[in-house]
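Residue numbers (the working numbering): 22 to 294.
Positions of the beta carbon are idealized from the N, C-alpha and C atoms, including for glycine.
Fair warning: this is a prediction, and the values are worked out from it, not measured in the lab.
Here it is in C-alpha cells:
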C-alpha cells in the first residue's frame with residue numbers, strides 16, 4: 022500500500038508539473054529583420070460592393086485603398102492540436118494572396134517542445150507537425166488556401182479589394198459571400214462573411230474546409246474575439262479558429278506585431294524562425 026501511495030503521489034506531482042509548465046507564456050519572437058514599409062500606392066475604392074462590405078471598407082480606408090504586397094504577423098496564443106491547450110508563439114508570413122508560411126512553437130515552461138512548420142507556396146502545401154506527422158495533397162492545399170485568405174482578411178484586408186481575382190457577392194445587410202481564387206486554374210472557393218451590425222467590422226468567416234488529406238469538408242469558422250485592434254489597418258488583436266465537430270475553438274491567436282510590404286521571397290520558403 023505504501024508503494025502504491027508513493028507511485029500515486031509521484032504521478033500527481035508529474036501531472037501538476039506538466040500542467041504548470043503549460044501555464045507559462047513564452048517570450049515573443051524577435052522582430053522581423055526588415056522594417057515595415059508604408060504602401061507605395063493606392064487604388065480607388067471599387068464601385069458596386071455589397072452594402073456591408075462597402076460600409077466596412079469605407080470606414081477603414083475612405084476612398085483610397087492601400088496596396089499591400091506582403092505581411093508578416095507575429096504573436097502568441099494557445100493551440101490544442103492533440104486535445105489539450107498549449108501556449109504558443111507564432112509567425113505567419115504572407116506573400117499576399119500568393120502564398121504563406123506558418124511557423125508555430127508550442128511551449129512548456131516557455132521553452133519550445135513542438136515546432137510546427139506549414140507552408141503554401143507555389144500552389145503546393147505541406148504540413149509538418151511533430152508526433153502527428155506530415156500531410157500534403159489537394160485537400161491540404163484547399164485548406165491552406167482558405168486559411169491564407171482568412172488571415173489576410175484580418176491582417177491585410179485591403180488585399181480583398183485590390184486583388185483582381187477576388188470578388189464579393191451580396192447576401193443581406195450583414196452578410197456577404199467572399200469569392201477567392203483556388204490554385205492556378207479558374208477555380209474558386211467561397212466564404213460566408215458576417216459583419217457586426219453595431220461596428221460594421223468583420224465578425225466571422227465561414228467556409229467548408231478540409232482538415233486533412235483523408236477526411237471530408239467540415240464547416241470551419243474564423244472569428245474575431247474581443248474588440249482590440251493592432252496596426253494601421255484595424256487588425257483584430259485576437260482571433261479564433263473552430264471546426265464544427267469540436268466543442269469549441271482549437272486555437273486562439275493574438276496578434277502583437279505586423280510588418281507590411283517587406284521582402285518575404287526567401288523567408289516564406291524557409292523552415293523555422
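Nearest candidate by alpha-carbon position, reference residue 247, set 254, 240, 258 and 253: For the purposes of this step, residue 247 is identified with residue 226 of the chain shown, where counting begins at 1. It is 258 whose Cα lies nearest to the Cα of residue 247.
Within 8 Å, do at least three Cβ pairs link the region 42–52 to the region 109–124? yes
Residue 136, enclosing beta strand (DSSP E) - first and last residue: Locating residue 136 in the chain shown gives position 115, counting from the first residue. Here the beta strand (DSSP E) through residue 136 covers 132–142.
What residue does the alpha helix (DSSP H) around residue 79 start on, and which one ends it? Against the chain shown, residue 79 aligns to sequence position 58. Note, residue 79: alpha helix (DSSP H), 72–82.
Alpha-carbon to alpha-carbon, residue 204 and residue 158: Counting from one through the chain shown, the residue named residue 158 turns up at place 137. Counting from one through the chain shown, the residue named residue 204 turns up at place 183. Cα-Cα distance, rounded: 12 Å.
For residue 101, which of 67, 261 and 291 has the nearest alpha-carbon? Residue mapping note: residue 101 aligns to position 80 of the chain shown, counting from 1. Answer by Cα proximity: 261.
Considering Cα atoms alone, identify which of 74, 292, 54 and 55 is closest to residue 179. Here the question's residue 179 lines up with position 158 in the chain shown. When each option's Cα is compared against that of residue 179, the closest is 74.
Touch test, the region 116–133 against the region 169–188, Cβ-Cβ under 8 Å, three pairs minimum: yes
Extent of the continuous beta strand (DSSP E) run through residue 171: Along the chain shown, one-based indexing puts residue 171 at 150. Annotation for residue 171: no beta strand (DSSP E) segment contains it, though the alpha helix (DSSP H) segment containing it runs 159–176.
In angstroms, rounded to a whole number, what distance separates the CA positions of residue 56 and residue 149? Within the chain shown, numbered from 1, the residue matching residue 56 stands at position 35. Within the chain shown, numbered from 1, the residue matching residue 149 stands at position 128. Taking the straight line joining both Cα atoms gives about 29 Å.
Could you name the residues that DSSP lists as bridge partners for residue 241? Counting from 1 along the chain shown, the entry for residue 241 is found at position 220. DSSP, once it has assigned bridges, lists 228 and 264 as partnering residue 241.
Hey, out of 208, 227, 281 and 209, whose CA is closest to residue 216's CA? Taking the first residue of the chain shown as position 1, residue 216 is located at position 195. Ranking the options by Cα distance to residue 216, first place goes to 227.
DSSP-derived helix/strand/coil call for residue 290: Position 269 of the chain shown, counted from the first residue, corresponds to residue 290. Reduced to three states, the DSSP call for residue 290 is helix.
Is the separation between the beta-carbon of residue 96 and that of residue 275 shorter than 8 Å? In the chain shown, residue 96 corresponds to position 75, counting from 1. In the chain shown, residue 275 corresponds to position 254, counting from 1. In this structure, residue 275 lies closer than 8 Å to residue 96 by Cβ.
Hey, residue 223 and residue 77: beta-carbon distance below 8 Å or not? The count along the chain shown starts at 1 and reaches residue 223 at position 202. The count along the chain shown starts at 1 and reaches residue 77 at position 56. Yes; because the gap between Cβ atoms is below 8 Å, this pair is in contact.
Residue 70 and residue 254 - do their beta-carbons sit closer together than 8 Å? Here residue 254 refers to the residue found at position 233 of the chain shown. Here residue 70 refers to the residue found at position 49 of the chain shown. Residue 70 sits away from residue 254, with the two beta carbons spaced by 8 Å or more.
Under the three-state DSSP convention, the category residue 180 falls into: Here residue 180 corresponds to residue number 159 of the chain shown, with the count starting at 1. Here residue 180 sits in helix by DSSP.
Give the secondary structure of residue 204 by DSSP, where H, G and I count as helix, E and B as strand, and everything else as coil. Within the chain shown, numbered from 1, the residue matching residue 204 stands at position 183. In the displayed model, residue 204 falls within coil according to three-state DSSP, outside both helix and strand.
According to the Cβ coordinates, are residue 67 and residue 182 closer than 8 Å? Position 46 of the chain shown, counted from the start, is the residue given in the question as residue 67. Position 161 of the chain shown, counted from the start, is the residue given in the question as residue 182. In contact: residue 67 and residue 182 (Cβ atoms closer than 8 Å).
So what's residue 41 in DSSP terms, helix, strand or just coil? Start at 1 with the first residue of the chain shown, and residue 41 comes out as number 20. If DSSP states are grouped into helix, strand and coil, residue 41 belongs with the helices.
Nearest CA to the CA of residue 43: which residue from 184, 106 and 126? Numbered from 1 along the chain shown, position 22 holds the residue referred to as residue 43. Among 184, 106 and 126, the Cα nearest to that of residue 43 is on 106.
With respect to the beta strand (DSSP E) encompassing residue 148, which residues constitute its N-terminal and C-terminal limits? Position 127 of the chain shown holds residue 148. Note, residue 148: beta strand (DSSP E), 145–150.
Is it the case that the CB of residue 189 approaches a heavy atom of the ligand SAH more closely than 7 Å? Summarising the ligand content, the structure contains no ligands, and the ligand SAH is consequently not present.
Of the listed residues 59, 79 and 220, nearest to residue 88 (C-alpha basis): Numbered from its first residue, the chain shown carries residue 88 at position 67. With distances taken between Cα atoms, residue 88 lies closest to 59.
With a 10 Å radius around its C-beta and 16 neighbouring C-beta atoms as the bar for buried, classify residue 294 as buried or exposed. Sequence index remark: in the chain shown, residue 294 carries index 273 (1-based). Result: exposed.
Within 10 angstroms of its Cβ, does residue 162 collect 16 or more other Cβ (buried), or is it exposed? For this step, residue 162 is matched to residue 141 along the chain shown. Counting Cβ neighbours within 10 Å, residue 162 comes out buried, since at least 16 surround it.
Do residue 53 and residue 93 count as a contact pair if the criterion is CB distance below 8 Å? Counting from one through the chain shown, the residue named residue 93 turns up at place 72. Counting from one through the chain shown, the residue named residue 53 turns up at place 32. For residue 93 and residue 53, yes; Cβs fall inside 8 Å.
Which partner residues does residue 61 have in the DSSP bridge list? Against the chain shown, residue 61 aligns to sequence position 40. Bridge partners of residue 61 according to DSSP: none are assigned.
Beta-carbon separation of residue 211 and residue 225 under 8 Å? Sequence index remark: in the chain shown, residue 211 carries index 190 (1-based). Sequence index remark: in the chain shown, residue 225 carries index 204 (1-based). It is not a contact, given that the beta carbons lie outside the stated cut-off.
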